[in-house]
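Contents: one structure, followed by commentary.
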Amino acid sequence: MKATKNKEIDKLKYENSLDEYKCNKCRDLRFIIKDNEAIACTCKALREAEEILLSSGISEEFRKKNFDNFNYSYDMN
Numbered sequence: 001m002k003a004t005k006n007k008e009i010d011k012l013k014y015e016n017s018l019d020e021y022k023c024n025k026c027r028d029l030r031f032i033i034k035d036n037e038a039i040a041c042t043c044k045a046l047r048e049a050e051e052i053l054l055s056s057g058i059s060e061e062f063r064k065k066n067f068d069n070f071n072y073s074y075d076m077n
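With the UniProt record's numbering applied, the sequence shown corresponds to residues 1 to 77, in that order.
Here it is in structure tokens:
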């Protein structure tokens, strides 16, 4: 447990040392401290959705599939 916390702290330190962030509001921490309270950043839900999609194993090619480009024709030959 302590090793995990240390890894998380090291990750946060590294992320804070970067000059560029995906989200400049929270500096990629997903939370903003306001009035001594941690508030979820607007990017948090999007980041979590991105992580779920990446871990799902759905390929980039398959992600392009949708009902608008689905081919309904079926060749019985």
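Yeah, the Cβ is synthetic: ideal placement off N, Cα and C, and Gly gets one too. Since we're looking at a predicted model, the values are computed, not measured.
If you draw a straight line from the C-alpha of C26 to the C-alpha of I32, how long is it?
Note on geometry: alpha-carbon atoms of C26 and I32 lie some 5 Å from one another.
Can you give me the Cβ contacts of T4 inside the same chain, cut-off strictly under 6 Å, excluding the 5 residues immediately before and after it?
So no residue of the chain qualifies.
Since D28 contacts Y21 with CB under 8 Å, what's their CB separation in whole angstroms?
Between D28 and Y21 the beta-carbon gap is near 5 Å, inside 8 Å, which marks them as a contact.
Measuring only the C-alpha atoms, how far is E50 from D75?
Just so you know, the alpha carbons of E50 and D75 end up roughly 37 Å apart.
Range covered by the beta strand (DSSP E) that runs through F70:
Following the DSSP letters along the chain, one finds F70 in no beta strand (DSSP E), marked with neither H nor E.
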